[in-house]
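Trainee:
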Amino acid sequence: AYGKALAANGQFEPALDAVRRAQTPEYPDWKLVSAEAAILDQMGQKDEARQDYRKALELKPNEPSVLSNLGMSYVLEGDLRTAETYMRSAAQQPSADSRVRQNLALVVGLQGRFDEAEKIASQELSPEQAQANVAYLRQMLAQQNAWSQLKDQDKNKAKVATN
1 AYGKALAANG
11 QFEPALDAVR
21 RAQTPEYPDW
31 KLVSAEAAIL
41 DQMGQKDEAR
51 QDYRKALELK
61 PNEPSVLSNL
71 GMSYVLEGDL
81 RTAETYMRSA
91 AQQPSADSRV
101 RQNLALVVGL
111 QGRFDEAEKI
121 ASQELSPEQA
131 QANVAYLRQM
141 LAQQNAWSQL
151 KDQDKNKAKV
161 ATN
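Quick note: the sequence shown uses the numbering used here, first residue 1, plus one each step.
Printed below as a string of C-alpha coordinates:
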(Lines of atoms letter the chains of each structure in order from A; the text may use other names.)
(Lines give C-alpha, C1' and ligand atoms only; values in the text may rest on other atoms or scores of the structure.)
Protein backbone atom coordinates (compact mmCIF):
# COMPACT_ATOMS: atom_id res chain seq x y z
CA ALA A 1 0.00 0.00 0.00
CA TYR A 2 2.84 2.38 0.87
CA GLY A 3 4.58 1.70 -2.44
CA LYS A 4 1.38 2.33 -4.40
CA ALA A 5 0.80 5.58 -2.51
CA LEU A 6 4.32 6.76 -3.34
CA ALA A 7 3.83 5.84 -7.01
CA ALA A 8 0.52 7.71 -7.08
CA ASN A 9 2.44 10.80 -5.96
CA GLY A 10 5.04 10.35 -8.69
CA GLN A 11 7.76 9.15 -6.32
CA PHE A 12 8.66 6.13 -8.43
CA GLU A 13 12.12 5.24 -7.10
CA PRO A 14 11.02 5.20 -3.43
CA ALA A 15 7.87 3.33 -4.48
CA LEU A 16 9.93 0.69 -6.25
CA ASP A 17 12.21 0.35 -3.23
CA ALA A 18 9.23 -0.05 -0.89
CA VAL A 19 7.60 -2.73 -3.04
CA ARG A 20 10.86 -4.63 -3.47
CA ARG A 21 11.57 -4.53 0.28
CA ALA A 22 8.09 -5.91 1.01
CA GLN A 23 8.68 -8.89 -1.29
CA THR A 24 9.85 -12.23 0.10
CA PRO A 25 12.08 -13.98 -2.49
CA GLU A 26 11.24 -17.47 -1.17
CA TYR A 27 7.49 -16.82 -1.37
CA PRO A 28 6.92 -14.13 -3.99
CA ASP A 29 3.58 -12.35 -3.83
CA TRP A 30 1.98 -11.84 -7.24
CA LYS A 31 0.38 -8.58 -6.05
CA LEU A 32 3.78 -7.11 -5.18
CA VAL A 33 5.31 -8.35 -8.45
CA SER A 34 2.41 -6.76 -10.34
CA ALA A 35 2.78 -3.51 -8.36
CA GLU A 36 6.49 -3.45 -9.21
CA ALA A 37 5.61 -3.94 -12.88
CA ALA A 38 3.14 -1.06 -12.81
CA ILE A 39 5.74 1.23 -11.24
CA LEU A 40 8.35 0.21 -13.83
CA ASP A 41 5.79 0.95 -16.55
CA GLN A 42 5.27 4.44 -15.15
CA MET A 43 9.04 4.91 -15.17
CA GLY A 44 9.12 4.02 -18.87
CA GLN A 45 10.91 0.71 -18.31
CA LYS A 46 8.53 -1.30 -20.50
CA ASP A 47 10.63 -4.43 -20.99
CA GLU A 48 11.31 -4.87 -17.28
CA ALA A 49 7.67 -4.11 -16.49
CA ARG A 50 6.41 -6.74 -18.91
CA GLN A 51 8.80 -9.33 -17.49
CA ASP A 52 7.34 -8.64 -14.07
CA TYR A 53 3.75 -8.81 -15.36
CA ARG A 54 4.56 -12.22 -16.85
CA LYS A 55 6.18 -13.32 -13.59
CA ALA A 56 3.03 -12.24 -11.72
CA LEU A 57 0.97 -14.28 -14.20
CA GLU A 58 3.16 -17.32 -13.52
CA LEU A 59 2.38 -16.89 -9.82
CA LYS A 60 -1.33 -16.19 -10.40
CA PRO A 61 -2.32 -17.47 -13.89
CA ASN A 62 -5.04 -15.56 -15.74
CA GLU A 63 -5.34 -12.89 -13.03
CA PRO A 64 -7.53 -10.25 -14.72
CA SER A 65 -5.90 -7.24 -13.05
CA VAL A 66 -2.43 -8.33 -14.19
CA LEU A 67 -3.62 -9.15 -17.73
CA SER A 68 -5.34 -5.76 -17.89
CA ASN A 69 -2.27 -3.90 -16.64
CA LEU A 70 -0.11 -5.76 -19.15
CA GLY A 71 -2.56 -4.70 -21.83
CA MET A 72 -2.37 -1.09 -20.65
CA SER A 73 1.41 -1.31 -20.94
CA TYR A 74 0.93 -1.95 -24.65
CA VAL A 75 -1.65 0.86 -24.90
CA LEU A 76 0.97 3.30 -23.58
CA GLU A 77 3.26 2.17 -26.37
CA GLY A 78 0.54 2.47 -29.02
CA ASP A 79 0.31 -1.27 -29.71
CA LEU A 80 -3.48 -1.47 -29.50
CA ARG A 81 -3.86 -4.90 -31.09
CA THR A 82 -1.61 -6.59 -28.55
CA ALA A 83 -3.28 -4.58 -25.81
CA GLU A 84 -6.69 -5.79 -26.95
CA THR A 85 -5.55 -9.42 -26.85
CA TYR A 86 -4.57 -9.09 -23.19
CA MET A 87 -7.66 -7.03 -22.35
CA ARG A 88 -10.01 -9.58 -23.91
CA SER A 89 -8.31 -12.37 -21.99
CA ALA A 90 -8.65 -10.35 -18.78
CA ALA A 91 -12.33 -9.53 -19.40
CA GLN A 92 -13.16 -13.20 -20.01
CA GLN A 93 -11.97 -14.26 -16.56
CA PRO A 94 -14.78 -14.96 -14.08
CA SER A 95 -13.19 -12.66 -11.48
CA ALA A 96 -12.79 -9.71 -13.89
CA ASP A 97 -14.15 -6.46 -12.48
CA SER A 98 -15.68 -3.40 -14.06
CA ARG A 99 -12.32 -1.64 -14.46
CA VAL A 100 -11.02 -4.52 -16.59
CA ARG A 101 -14.05 -4.39 -18.90
CA GLN A 102 -13.89 -0.60 -19.14
CA ASN A 103 -10.22 -0.86 -20.14
CA LEU A 104 -11.26 -3.27 -22.91
CA ALA A 105 -13.92 -0.79 -24.06
CA LEU A 106 -11.27 1.94 -24.13
CA VAL A 107 -8.85 -0.11 -26.23
CA VAL A 108 -11.57 -1.11 -28.69
CA GLY A 109 -12.71 2.51 -28.93
CA LEU A 110 -9.17 3.78 -29.47
CA GLN A 111 -9.10 1.57 -32.56
CA GLY A 112 -12.18 3.36 -33.91
CA ARG A 113 -14.62 0.52 -33.23
CA PHE A 114 -17.02 2.76 -31.35
CA ASP A 115 -20.18 0.64 -31.57
CA GLU A 116 -18.33 -2.36 -30.16
CA ALA A 117 -16.77 -0.20 -27.44
CA GLU A 118 -20.20 1.11 -26.46
CA LYS A 119 -21.59 -2.43 -26.32
CA ILE A 120 -18.74 -3.51 -24.00
CA ALA A 121 -19.11 -0.40 -21.83
CA SER A 122 -22.87 -0.89 -21.53
CA GLN A 123 -22.27 -4.22 -19.77
CA GLU A 124 -21.18 -2.18 -16.76
CA LEU A 125 -22.75 1.23 -17.25
CA SER A 126 -26.16 2.59 -18.10
CA PRO A 127 -26.74 2.93 -21.86
CA GLU A 128 -26.56 6.71 -21.46
CA GLN A 129 -23.25 6.61 -19.59
CA ALA A 130 -21.74 4.13 -22.07
CA GLN A 131 -22.86 6.35 -24.93
CA ALA A 132 -21.43 9.44 -23.21
CA ASN A 133 -18.09 7.70 -22.60
CA VAL A 134 -17.79 6.67 -26.24
CA ALA A 135 -18.83 10.14 -27.42
CA TYR A 136 -16.07 11.61 -25.25
CA LEU A 137 -13.57 9.13 -26.71
CA ARG A 138 -14.64 10.07 -30.26
CA GLN A 139 -14.22 13.75 -29.42
CA MET A 140 -10.81 13.14 -27.89
CA LEU A 141 -9.63 11.19 -30.94
CA ALA A 142 -11.05 13.82 -33.31
CA GLN A 143 -9.18 16.51 -31.38
CA GLN A 144 -5.98 14.50 -31.55
CA ASN A 145 -6.49 14.09 -35.30
CA ALA A 146 -7.04 17.84 -35.66
CA TRP A 147 -3.76 18.56 -33.82
CA SER A 148 -1.96 16.07 -36.07
CA GLN A 149 -3.38 17.76 -39.16
CA LEU A 150 -2.26 21.18 -37.90
CA LYS A 151 1.21 19.83 -37.20
CA ASP A 152 1.38 18.36 -40.72
CA GLN A 153 0.23 21.69 -42.20
CA ASP A 154 2.99 23.49 -40.29
CA LYS A 155 5.56 21.01 -41.62
CA ASN A 156 4.32 21.53 -45.18
CA LYS A 157 4.47 25.33 -44.78
CA ALA A 158 8.03 25.05 -43.47
CA LYS A 159 9.03 22.93 -46.48
CA VAL A 160 7.49 25.45 -48.91
CA ALA A 161 9.23 28.33 -47.12
CA THR A 162 12.66 26.67 -47.39
CA ASN A 163 12.31 25.72 -51.07
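The C-beta atom is built at its ideal place from N, Cα and C for all residues, glycine as well.
All values reported here derive from a predicted model rather than from experimental measurement.
Rounded to whole angstroms, what's the CA-CA distance from residue 129 to residue 33? Just pull it up for me.
Mentor: By one-based count along the sequence shown, residue 129 stands at place 129. By one-based count along the sequence shown, residue 33 stands at place 33. Going by the C-alpha atoms only, they are around 34 Å apart.
Trainee: Threshold first: 4 residues or longer. Then list the alpha helix (DSSP H) segments lying entirely within the stretch 29-86, N to C.
Mentor: Correct list: 30-42, 46-59, 64-77.
Trainee: Under 7 Å between the Cβ atoms of residue 111 and residue 80?
Mentor: Looking up residue 111 in the sequence shown gives position 111. Looking up residue 80 in the sequence shown gives position 80. It is a contact, given that the beta carbons lie within the stated cut-off.
Trainee: Contact check, residue 66 vs residue 57 under 8 Å by CB: the rounded distance?
Mentor: Translated into positions along the sequence shown, residue 66 becomes position 66. Translated into positions along the sequence shown, residue 57 becomes position 57. The Cβ separation is near 5 Å, so the contact holds.
Trainee: Could you check the C-alpha separation between residue 113 and residue 44 for me, to the nearest Å?
Mentor: Within the sequence shown, numbered from 1, the residue matching residue 113 stands at position 113. Within the sequence shown, numbered from 1, the residue matching residue 44 stands at position 44. Rounded to whole angstroms, residue 113 to residue 44 spans 28 Å at the Cα level.
Trainee: Is DSSP giving residue 2 helix, strand or coil here?
Mentor: Start at 1 with the first residue of the sequence shown, and residue 2 comes out as number 2. Residue state, collapsed to three classes: helix.
Trainee: Going by CA-CA distance only, name the one from 3, 68, 95 that's closest to residue 35.
Mentor: Translated into positions along the sequence shown, residue 35 becomes position 35. The candidate whose alpha carbon is nearest that of residue 35 is 3.
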